[in-house]
Structures are given as structure tokens and as C-alpha cells.
Ligand SMILES: [Zn+2]
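Residue numbers (the numbering used here): 12 to 209.
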């Protein structure tokens, strides 16, 4: 149900955003793709720590030796969530914490980190200026925004995050959300009913 993004460039170095792989088939799909394309995984990052976005972290850690990088703001929630979520899992703690303006590098590619809290306190977005795309986790969806009724959610904080950090990106920027289909900044500015831009 979650979008797991596997990014790579001409160097064949790769990064995984929000590894949701939890079934044997999902894990095989990921590892087969890595193998068949000769990729080297260099980064594992999470937009936030809701269970569906981190289920595959242990698989990546045990098979590729990568610890996840994420913002510390969601960590207090993670212990409880790993026990009460519909799928039980054993969280992998951060190799590094990510904060505003940090950079995630693999090959010739750099993702810039934006803190976009509101859906959860530690929510992050990852922006590639070179490739003109932003990975928004559960902050901004196609014509929708993240829910704010979960642990640490805050509606006005979410709206401020979206307006100040995401809608200020170039209009043609592709938006890759944590669920469902992609969009663009322009489309969300014009038509997202939750944002009232005009
Ligand atoms: Zn979420």
C-alpha cells in the first residue's frame, strides 16, 4: 500500500526511500531488481516512521548493511507503533538523523532534506533539484494532504510545511508521494482542495 522508491543513476549507486517490503514476494522484487540491474545500495532513508513506511528496513539492513536515516522527531512513537501495528516488526534504529538542509548522496545524485512536519513531528521531504522531483512522504498527495489525527499530528503545521517548503519549489517539479500516484507542484497549487492557494 505504500510507495517504495528505488532511485539510481548512471553510476549504478542507489537509494531506497521508505522501504515497505514486508512479504517474501516484495523483498524478492526489491533484491531481484537490485541484482538484475547491477545496483549498489548506498542509502536507506525514511520520510517518517509510520509502520507502513519502515517495514522493509530490517530486510535492507540485514541484506545490504544499511541503517536507515530519518528525523529523530518520530522515534518516541516507533517503539509503541512496532507493537500495535497490524504487522509486527523489529525496528532498525537510525544510522544517522536527518535535519533541514542535510544532503543525501549516492552516485552523482544529491537529495536535499526538508523538514515538513504536521502529518508526524519527524516528517521529511527529499528534493532533487537536478531531476526536478520531490518525495513528500505523507505530507502532500495528489489532490490530498496527509492525515493529522495520528500521534503528534498537527494540521496547521502541515499546511505551513506544504506552503513554505513544497509549494515554493518550481511549478514543474514532480511530486512523488508516499501513497498513490504522482503529481506536480503546479497541479497541487491549482487544484488541491485542502490548500486554498488562490
Ligand atoms: Zn504516515
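Where is the CB? At the ideal position from N, CA and C, for every residue including glycine.
Keep in mind the model is a prediction, meaning the values are calculated, not measured.
Requested in this report: Determine the extent of the alpha helix (DSSP H) in which residue 199 is found, giving its start and end residues.
Outcome: Under the DSSP assignment, residue 199 falls in the alpha helix (DSSP H) whose first and last residues are 196-202.
Report task. Could you check which residue in 105, 146 and 171 has the C-alpha nearest to that of residue 78? Result -> Residue 105 is the option with its Cα nearest to residue 78.
**Report entry** Residues that DSSP places opposite residue 122 in a beta bridge
**Finding:** Answer is 115.
Report task. Could you tell me which residues DSSP pairs with residue 188 in its beta bridges? Result -> In DSSP, residue 188 forms a bridge with 148.
Query - beta-carbon residue 29 near ligand 1 non-hydrogen atom, thresh 6 Å - result: For ligand 1, not one heavy atom lies less than 6 Å from the Cβ of residue 29.
**Report entry** Extent of the continuous beta strand (DSSP E) run through residue 26
**Finding:** That run of the beta strand (DSSP E) goes 24-28.
Requested in this report: Please look up how many angstroms separate the CB atoms of residue 80 and residue 115, rounded, as I've assumed it's under 8 Å.
Outcome: Contact holds; Cβ gap of about 7 Å.
**Report entry** Three-state secondary structure (DSSP) of residue 100
**Finding:** Coil, per DSSP.
Query raised in the report: With burial defined as no fewer than 16 other Cβ atoms inside 10 Å of the residue's Cβ, what is the status of residue 39: buried or exposed?
Result: Exposed, because fewer than 16 other Cβ atoms sit within 10 Å of the Cβ of residue 39.
Query raised in the report: In angstroms, rounded to a whole number, what distance separates the CA positions of residue 46 and residue 36?
Result: It is roughly 15 Å from the alpha-carbon of residue 46 to the alpha-carbon of residue 36.
Requested in this report: Specify the secondary structure class of residue 42 as computed by DSSP and reduced to three states.
Outcome: The answer is helix: DSSP assigns residue 42 an H, G or I state.
Query raised in the report: Are there three or more Cβ pairs, one per stretch, closer than 8 Å when the region 179-196 is compared with the region 80-96?
Result: Judged by Cβ distances under 8 Å, the region 179-196 makes no contact with the region 80-96, as fewer than three pairs qualify.
Report task. Say whether the region 17-28 touches the region 42-58, bearing in mind that this needs 3 or more beta-carbon pairs closer than 8 Å, one atom from each stretch. Result -> As far as the Cβ criterion goes, the region 17-28 touches the region 42-58, which means the pair count is three or higher.
Query raised in the report: For the beta strand (DSSP E) that residue 13 lies in, which residues bound it at each end?
Result: Run containing residue 13: none; DSSP gives neither H nor E here.
Query raised in the report: Quick one: is the Cβ of residue 190 within less than 6 Å of any heavy atom of ligand 1?
Result: False, no ligand heavy atom lies under 6 Å from that Cβ.
Requested in this report: Name the residue from 162, 186 and 188 whose alpha carbon lies nearest to the alpha carbon of residue 84.
Outcome: If we check each option's Cα against that of residue 84, 162 comes out closest.
Query - Given 8 Å, three or more beta-carbon pairs between the region 150-170 and the region 115-131 - result: With the cut-off at 8 Å, the region 150-170 and the region 115-131 touch.
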